[in-house]
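A.B. asks: Below: one structure in structure tokens.
Numbering (UniProt numbering), first residue to last: 1 to 692.
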């Protein structure tokens, strides 16, 4: 129990000095900000001889009855949630479908799920009474409740979030942060701090989201939150993070998929193709229409045709077919996806016609796609580490998860100032009509190829949920579409912060896009007065002068460096698994957290360490998806297991996990080292992962 009755003013000051010394040693950024800062807008209230404290904010007391009283009650209530044998069934247990042959990492995951005792008997909840995997403390206040909860409960990973810097500064006078931190300086435990420099910043929820993402796979299934003093604003910040949950979970590639991408990228860059890089210094005023294949495109295609000669027309992904069928030919086509089936879709769309379309393709596309275009360049997404490996100067932020996102990012980051989005619906009224009718997904395509493609696509569809439409009503969407919408909105906000002065408009009649003005047909056409022609521009690859060429001599060196880094990382993980004895659920949670930290660890400043540092970033990326899935299974099935089931499940998990990590180097050598272009082009479908 906290009792401050024996403390003097000097004792509180000394506590602050001690805390600052701790943060100076362990969290230098926190120390640098608070070492010279004075409290503003609030005041610590204490009276000599009184056991409790309070905080006065604008003349009002923060804690009715006192900080100690409120914090003790919060700690007691929080402990009750995890009393003995209370089952937490906040998420259903995720399964795994049988993978296609040759999917090494997917087969490992599938075997664990299939043979788990929990799979056979059904999931009935998790028990967190012995250990809580992850706790998010929403609000520090004076920190007393954090001290009490972490003292009395076994928590593997804690996130301390305080958006009000003045409140956090007051906590330095009150609690011993080093003592709290020491409780997490043990095997399998960790703690992180998210403290804002401005309580009114719009970036606070983003800071919190970025930290919570690092907690995956503890987040979302095994993370619980404690909302200090029932603060509505703090809860609102967390709700913003939770709203983005579908997007967070939609974007994670397994080792098999990562290796496919890397193989194809090697073939493409060895061909010496130019790599397009961002150029924010350029300013291009000619309007750009970026076309996705949402269902509203069919109603808007005629208005695009009307202004065709006044714009740069860019198709993205499967929108090429609807645009070509309308009689228009785009200036540019943007491709992002790496599956071989993209080649088949494009080949069908182009129908062997002569064209002058310039392709801008992600470096990891299947090489066969490039063969369909005479004018072509590659690009890299900033969401992956691939460009670092080859010393590409920069990559395009927000260029995923869809081709529409990629196209928007490329043209915004290449200096275009007047953007229109068409067919960027990110939602639909009817699941039967979720794409343009003239796309490969659409009802106007009834040939054998399209029919089979549509049939296979329907089999793996995600669960639907509702978002706001441009008309103020609700519209259906999926996790992948929602993720794409969020990325567009994030790019718009970033462009505003950067002062790029870009005009974003949407003529898509789907989900509302924050930051983009929706235009009716008439409003859109009024943007292009009759007889007035926009400033001209030459199209094709010659239009972009921001090009980079990767040196072949560096490629082979880096391929071998990546192997070395891979082998080093998997050896550390293997050693970790082998040294830990799991006798109870608590051991399993601590192992999972240690594996999470190990899988995300990078040496400081990898880009300053030359080729090996750049290769480390690639090795990290290749492994992260499957390692995260394995940690999730360890937690999900392990915590759901009954006492007698735990040894059986853990032995199953351990056997399959070690099989994966020991096979990583073998697979890399087989699929990447000595790769020949002919291997992909002669038998392209042998490694084509995706719809077909």
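Just so it is clear, CB atoms sit at the ideal spot from N, CA and C, and this is done for glycine as well. Since the structure is predicted, the reported quantities are computational estimates derived from the model, not experimental observations.
Pair every Cβ in the segment 274 to 281 with every Cβ in the segment 307 to 322, then say whether three or more of these pairs are closer than 8 Å.
C.D. replies: no
A.B. asks: Since residue 357 contacts residue 329 with CB under 8 Å, what's their CB separation in whole angstroms?
C.D. replies: Rounded, the Cβ-Cβ distance is 6 Å, consistent with contact.
A.B. asks: If you follow the beta strand (DSSP E) that residue 157 is in, where does it begin and where does it stop?
C.D. replies: 155 to 162
A.B. asks: Taking the alpha helix (DSSP H) that residue 590 falls in, what are its first and last residues?
C.D. replies: That run of the alpha helix (DSSP H) goes 585 to 600.
A.B. asks: Leaving out five residues on either side along the sequence, give the residues of the same chain with a beta carbon under 7 Å from the beta carbon of residue 345.
C.D. replies: 318, 440
A.B. asks: Which same chain residues end up closer than 6 Å to residue 199 when comparing Cβ atoms and leaving out the 5 residues on each side of it in sequence?
C.D. replies: 163, 164
A.B. asks: Looking at the secondary structure, which residues open and close the beta strand (DSSP E) in which residue 564 lies?
C.D. replies: No beta strand (DSSP E) holds residue 564; the alpha helix (DSSP H) holding it covers 552 to 579.
A.B. asks: Check whether the segment 414 to 433 and the segment 495 to 509 touch, using three or more Cβ-Cβ pairs below 8 Å as the test.
C.D. replies: yes
A.B. asks: May I have a chain-ordered list of the alpha helix (DSSP H) segments no shorter than 4 residues that lie completely inside the segment 13 to 86?
C.D. replies: 28 to 34, 67 to 81
A.B. asks: Less than 7 Å between C-beta atoms, sequence neighbours within five positions excluded: which residues of the same chain meet that for residue 538?
C.D. replies: Annotation note: pLDDT 46 at residue 538 (below 50); position unreliable, coordinate value reported separately. None.
A.B. asks: In whole angstroms, what is the alpha-carbon distance linking residue 629 and residue 8?
C.D. replies: 52 Å
A.B. asks: I'd like to check one pair, residue 277 with residue 379: are the Cβ atoms closer than 9 Å?
C.D. replies: yes
A.B. asks: Which partner residues does residue 210 have in the DSSP bridge list?
C.D. replies: The partner list for residue 210 (beta bridge, DSSP) is empty, contrary to what the question assumes.
A.B. asks: What number of angstroms, rounded off, separates the C-alpha of residue 150 from the C-alpha of residue 157?
C.D. replies: 10 Å
A.B. asks: Output needed for residue 37: all residues of its chain with C-beta closer than 8 Å, excluding positions within five of it in sequence on either side, in chain order.
C.D. replies: 165, 169
A.B. asks: With a CB to CB cut of under 7 Å and the five nearest residues on each side skipped, what residues in its chain are close to residue 652?
C.D. replies: 112, 115, 116
A.B. asks: Between the Cα of residue 98 and the Cα atoms of 104, 87, 110, which residue gives the shortest distance?
C.D. replies: 110
A.B. asks: Relative to the C-alpha of residue 486, which residue among 132, 426, 229, 632 is closest?
C.D. replies: 426
A.B. asks: Checking the sheet assignment: what are the DSSP bridge partners for residue 474?
C.D. replies: 468
A.B. asks: What does DSSP give as the partner residues of residue 632 in its beta bridges?
C.D. replies: Answer is none; residue 632 lacks a bridge partner.
A.B. asks: With a threshold of 16 other CB atoms inside 10 Å of the CB of residue 410, please say whether the residue is buried or exposed.
C.D. replies: buried
A.B. asks: Can you give me the C-alpha to C-alpha distance between residue 15 and residue 171, rounded to a whole angstrom?
C.D. replies: Rounded to the nearest angstrom, the two C-alpha atoms are 10 Å apart.
A.B. asks: Who are the near neighbours of residue 372 in its chain, counting only those whose CB is closer than 8 Å to its CB and skipping five residues on each side?
C.D. replies: 343, 346, 347, 350, 359
A.B. asks: If you measure between the beta carbons of residue 223 and residue 324, is that distance less than 9 Å?
C.D. replies: no
A.B. asks: Let me make sure I understand the geometry here. Which of 374, 581, 363 has the alpha-carbon closest to that of residue 387?
C.D. replies: 363
A.B. asks: Tell me the residue span of the beta strand (DSSP E) that contains residue 191.
C.D. replies: 190 to 195
A.B. asks: According to the Cβ coordinates, are residue 631 and residue 599 closer than 9 Å?
C.D. replies: yes
A.B. asks: Spell out the partners DSSP gives residue 655 in its beta bridges.
C.D. replies: According to DSSP, residue 655 bridges with nothing at all.
A.B. asks: Nearest to residue 77 by CA position, among 152, 46, 467, 21, is which residue?
C.D. replies: 152
A.B. asks: For residue 688, is the classification buried or exposed, using 16 other Cβ atoms within 10 angstroms of its Cβ as the cut-off for buried?
C.D. replies: Summary for residue 688: the model assigns pLDDT 41, below 50, so the residue's position carries little reliability; its value from the coordinates is reported in the next sentence. Its Cβ being crowded by 16 or more others within 10 Å, residue 688 is buried.
A.B. asks: Based on the DSSP secondary-structure assignment, which residues constitute the bridge partners of residue 224?
C.D. replies: Note: residue 224 sits in a beta bridge opposite 135.
A.B. asks: Who are residue 314's beta bridge partners in DSSP?
C.D. replies: 290, 332
A.B. asks: Can you tell me the Cα-Cα spacing of residue 46 and residue 399, whole angstroms?
C.D. replies: 53 Å
A.B. asks: With distances taken Cα to Cα, identify the nearest neighbour of residue 389 among 181, 203, 470, 615.
C.D. replies: Just measuring C-alpha positions, the residue of 181, 203, 470, 615 sitting nearest residue 389 is 615.
A.B. asks: Comparing C-alpha positions only, which one of 636, 434, 604, 617 sits nearest to residue 592?
C.D. replies: 636
A.B. asks: Determine the contact status of residue 291 and residue 267, defining contact as a CB-CB distance below 9 Å.
C.D. replies: no
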